[in-house]
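Student:
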Amino acid sequence: METLIFGIDYLGTLVFAISGAVVGLERRFDVFGVLILALATAIGGGTLRDVLIGSTPVGWLTNPHYLYLVLAGVLISYLLKDVAVRWKRGMFLFDTIGIALYTILGLQKTLDVGLSPTAAVLMGVVSAVFGGVTRDVMANRVPLIFRKEIYASACLAGALCFLALDALINESIAMLISIALVFVIRVLAVKRRWSLSLET
Amino acid sequence: METLIFGIDYLGTLVFAISGAVVGLERRFDVFGVLILALATAIGGGTLRDVLIGSTPVGWLTNPHYLYLVLAGVLISYLLKDVAVRWKRGMFLFDTIGIALYTILGLQKTLDVGLSPTAAVLMGVVSAVFGGVTRDVMANRVPLIFRKEIYASACLAGALCFLALDALINESIAMLISIALVFVIRVLAVKRRWSLSLET
Amino acid sequence: METLIFGIDYLGTLVFAISGAVVGLERRFDVFGVLILALATAIGGGTLRDVLIGSTPVGWLTNPHYLYLVLAGVLISYLLKDVAVRWKRGMFLFDTIGIALYTILGLQKTLDVGLSPTAAVLMGVVSAVFGGVTRDVMANRVPLIFRKEIYASACLAGALCFLALDALINESIAMLISIALVFVIRVLAVKRRWSLSLET
Numbered sequence: 319m320e321t322l323i324f325g326i327d328y329l330g331t332l333v334f335a336i337s338g339a340v341v342g343l344e345r346r347f348d349v350f351g352v353l354i355l356a357l358a359t360a361i362g363g364g365t366l367r368d369v370l371i372g373s374t375p376v377g378w379l380t381n382p383h384y385l386y387l388v389l390a391g392v393l394i395s396y397l398l399k400d401v402a403v404r405w406k407r408g409m410f411l412f413d414t415i416g417i418a419l420y421t422i423l424g425l426q427k428t429l430d431v432g433l434s435p436t437a438a439v440l441m442g443v444v445s446a447v448f449g450g451v452t453r454d455v456m457a458n459r460v461p462l463i464f465r466k467e468i469y470a471s472a473c474l475a476g477a478l479c480f481l482a483l484d485a486l487i488n489e490s491i492a493m494l495i496s497i498a499l500v501f502v503i504r505v506l507a508v509k510r511r512w513s514l515s516l517e518t
Numbered sequence: 319m320e321t322l323i324f325g326i327d328y329l330g331t332l333v334f335a336i337s338g339a340v341v342g343l344e345r346r347f348d349v350f351g352v353l354i355l356a357l358a359t360a361i362g363g364g365t366l367r368d369v370l371i372g373s374t375p376v377g378w379l380t381n382p383h384y385l386y387l388v389l390a391g392v393l394i395s396y397l398l399k400d401v402a403v404r405w406k407r408g409m410f411l412f413d414t415i416g417i418a419l420y421t422i423l424g425l426q427k428t429l430d431v432g433l434s435p436t437a438a439v440l441m442g443v444v445s446a447v448f449g450g451v452t453r454d455v456m457a458n459r460v461p462l463i464f465r466k467e468i469y470a471s472a473c474l475a476g477a478l479c480f481l482a483l484d485a486l487i488n489e490s491i492a493m494l495i496s497i498a499l500v501f502v503i504r505v506l507a508v509k510r511r512w513s514l515s516l517e518t
Numbered sequence: 319m320e321t322l323i324f325g326i327d328y329l330g331t332l333v334f335a336i337s338g339a340v341v342g343l344e345r346r347f348d349v350f351g352v353l354i355l356a357l358a359t360a361i362g363g364g365t366l367r368d369v370l371i372g373s374t375p376v377g378w379l380t381n382p383h384y385l386y387l388v389l390a391g392v393l394i395s396y397l398l399k400d401v402a403v404r405w406k407r408g409m410f411l412f413d414t415i416g417i418a419l420y421t422i423l424g425l426q427k428t429l430d431v432g433l434s435p436t437a438a439v440l441m442g443v444v445s446a447v448f449g450g451v452t453r454d455v456m457a458n459r460v461p462l463i464f465r466k467e468i469y470a471s472a473c474l475a476g477a478l479c480f481l482a483l484d485a486l487i488n489e490s491i492a493m494l495i496s497i498a499l500v501f502v503i504r505v506l507a508v509k510r511r512w513s514l515s516l517e518t
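Protein chains in written order, with this note's numbering: chain W, 319 to 518; chain D, 319 to 518; chain F, 319 to 518.
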């Protein structure tokens, strides 16, 4: 289970890095700009979480694997630049797996340092979505999270689901179900154009 | 006195949350976007202060009342959306009370961890104004604080006033006078269109 | 050597402050807005580094000299506002000295708290460039670092150079050579319009 989590954590880092790099390429930033945007997208959420809960130095300063994965993501983005259109659906899927994983991992890390479940749910959502917010602010556009489409709400639902199930059933199963829930909500929300807007 | 401070601190959190939520509603963000904007506005200043002075986990992760107040502020904003115009004057008053309180509270918290008065004044201003800066950057507009109108300068005057009075008179009275000073400067600045611009 | 480093660190703070203040003046921010922009530019990079590596309270809260230098930079900017055009070349030179110094200083501070050389290189670059990123985001424009011109790449080259030379020769000399390398790359990049864009 631990190995699985690490595997998907690393996979999440990779696909978030690609997501940031592609935005940088679209905007014709130079190599370094692309790298920074990839880095901010991939590690922004976990970094803010670590800083807020006081777990410093932040994770990617003590474990260089995250940085190598970001570099790999940037490389892949340059190589596959021309097939970005075909990649968009794949990236959406990986990105959704990424936010699902980051939500549960962020939640657990916050519980591990002794904070409350309320704080943990919030930090789970922050871990999942803040990288994308940073990417959009740096690229000078209104963050996607603030548009009508459901995004952070899927993470919130998954985090609450995990807290509820964790008290009832095996932790690994609770984790997998919660991750699947985030994934399903996000996919359905986009397919069926769900919106949380209260306007009519 | 402690109870009074907590009361106004909580009131400040509530009105800052409303201030952020209303900007989100104006821009037609979804429920989650509105929530994040409200959260950033209400707790952004205190969070930056806590991170910079090394007081982590930050306050709202260990005291959930702040989060409940933000949720309440978002609810109120949705319910009163249509009377936003009538609310603007009320919100201006509460917002001004909020920055006045946050200035003095931030100053004291910084002194409490053993930092210098200079650092405390700076952290007081940061506590008061950074939430609004975060809100404006997230909503992709030039922060209000950078426009001509006096805003942070009122907080700075209040912070310096408190430091001066605190050495001379009772702390509670020094606090109330300083808070009143921020409030009065801010109200007069808007009414009389004071500006710190040195241009002619 | 220590004295020299402090001298140039302080000089870097001063010129970065001027760089931020001038952007604020160009955009007609009020005095306080100009001050905050100068502060963010001058201390943004070091602050992010200190927060990420867990070295809090951050440096400028315990050493007020940085704040006085920022105030001096703002004063100078107001006094010399009308000769800003003539100043641009001078500011470019000082700014380049500043990022060169901040790169090496940030790298060393990160090594000093026991983190890896990889982390140190990254924090060196962050120290040098994040102040400018903050300035541009606050002024609501796409950060210069993301444009085509080589900027952070020069810092990265200097950081790697220092790590390599530090193992071979005297530390002070390694430092001076690395600083000179950042400076030369940056100047040549602007003069000869070097770009890292991979587009053709």
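Cβ coordinates follow ideal geometry from the N, Cα and C atoms, glycine included.
Given D:D413, which residues of its chain have a CB within under 8 angstroms of its CB, disregarding the five upstream and five downstream residues?
Tutor: Around D:D413: V333, F334 and S337.
Student: I'd like to know if D:L398 contacts chain W, where contact means its C-beta is closer than 8 angstroms to some C-beta of that chain.
Tutor: Not closer than 8 angstroms to any Cβ of chain W, the Cβ of D:L398 fails to qualify, so no.
Student: With distances taken from CA atoms, which of W:A339, W:D430, W:V502 and W:W512 is nearest W:I417?
Tutor: Selected option, being the one with the closest Cα: W:V502.
Student: With 8 angstroms set as the bound, which would you pick, yes or no: does the beta-carbon of F:M456 sit closer than that to a beta-carbon of chain D?
Tutor: At least one chain D Cβ lies under 8 angstroms of F:M456.
Student: Report yes or no: is there a C-beta of chain D within less than 8 angstroms of the C-beta of F:F350?
Tutor: It does: the Cβ of F:F350 has a partner Cβ on chain D nearer than 8 angstroms.
Student: Closest by CA to D:L506, which one among D:C479, D:I468 and D:L494?
Tutor: Of the candidates D:C479, D:I468 and D:L494, the one whose C-alpha sits nearest the C-alpha of D:L506 is D:I468.
Student: Okay, do the segment 422-429 of chain F and the segment 367-380 of chain F touch, 3+ Cβ pairs below 8 angstroms being the bar?
Tutor: Touching, yes.
Student: Quick one: complete alpha helix (DSSP H) runs, 4+ long, within the segment 398-486 of chain F?
Tutor: Entirely contained in the segment 398-486 of chain F, the alpha helix (DSSP H) runs reaching 4 residues are, in chain order, 402-430, 435-456 and 470-484.
Student: For D:T374, which of helix, strand or coil comes out of DSSP?
Tutor: In the structure shown, D:T374 sits in coil (DSSP, three-state: anything other than H, G, I, E or B).
Student: Three or more beta-carbon pairs under 8 angstroms between the segment 451-460 of chain F and the segment 488-502 of chain F, yes or no?
Tutor: No: the two stretches stay apart, fewer than three of their Cβ pairs being nearer than 8 angstroms.
Student: Between D:S496 and chain F, is there a C-beta pair that is closer than 8 angstroms?
Tutor: No, no contact with chain F.
Student: For F:K399, which option in F:A475, F:T436, F:V352 and F:A498 has the closest C-alpha, if you only look at C-alpha atoms?
Tutor: When only C-alpha atoms are compared, the closest one is F:V352.
Student: What residues in its chain sit with their C-beta under 7 angstroms from that of F:A437, if we drop five residues either side in the sequence?
Tutor: Closer than 7 angstroms at Cβ, skipping near neighbours: T428.
Student: Have a look at W:S434, W:G442 and W:L387 and flag the residue whose alpha-carbon is nearest the alpha-carbon of W:Y420.
Tutor: For the residues W:S434, W:G442 and W:L387, the minimum Cα distance to W:Y420 belongs to W:G442.
Student: Which whole-angstrom value is the C-beta distance of W:R453 and W:L393, which I expect to be below 8 angstroms?
Tutor: With a Cβ gap of about 18 angstroms, W:R453 and W:L393 do not count as contacting.
Student: Starting from F:F347 and walking both ways along the alpha helix (DSSP H), at which residues does that stretch end?
Tutor: First-last for F:F347: undefined, no H or E at that position.
Student: Rounded to whole angstroms, what is the Cα-Cα separation between D:M456 and W:G449?
Tutor: Rounded to the nearest angstrom, the two C-alpha atoms are 13 angstroms apart.
Student: Assuming D:T315 and D:V388 make a contact with CB atoms under 8 angstroms, what is their CB distance in whole Å?
Tutor: Only positions 319 to 518 of chain D appear in this structure, which leaves residue 315 of chain D out of reach.
Student: What are the residues of the segment 355-383 of chain D that lie near chain W, defined by any Cβ-Cβ distance shorter than 9 angstroms?
Tutor: Flagged, chain order: L355, L357, T365, D368, V369, G372, S373, T374, P375, V376, W378, L379, T380 and P382.
Student: Can you find the residues in the same chain that come closer than 6 angstroms, C-beta to C-beta, to F:I326, ignoring five residues on each side of it along the sequence?
Tutor: Only L419 meet the Cβ criterion.
Student: With a threshold of 8 angstroms between beta carbons, is W:K427 in contact with chain D?
Tutor: Judged by the 8 angstroms Cβ criterion, W:K427 is not in contact with chain D.
Student: If you measure from the beta carbon of W:L433 to each beta carbon in chain D, is any gap under 8 angstroms?
Tutor: Interface residue, yes.
Student: Among F:V500, F:A485, F:N488 and F:V451, which one has its Cα closest to the Cα of F:A475?
Tutor: Ranking F:V500, F:A485, F:N488 and F:V451 by Cα distance to F:A475 puts F:V500 first.
Student: By how many angstroms is the C-alpha of W:R367 removed from the C-alpha of D:T359?
Tutor: When rounded, the distance between both Cα atoms is 18 angstroms.
Student: Give the straight-line distance between the Cα atoms of D:D484 and D:I497, rounded to the nearest whole angstrom.
Tutor: When rounded, the distance between both Cα atoms is 13 angstroms.
Student: Ordered along the chain, which non-local residues of its own chain (more than five positions away) have a Cβ less than 8 angstroms from that of F:V439?
Tutor: Correct list, in chain order: L425, L474, A477, L478 and L481.
Student: Looking at F:S445 and F:G364, is the spacing between their C-beta atoms short of 8 angstroms?
Tutor: Yes, Cβ-Cβ distance for F:G364 and F:S445 is below 8 angstroms.
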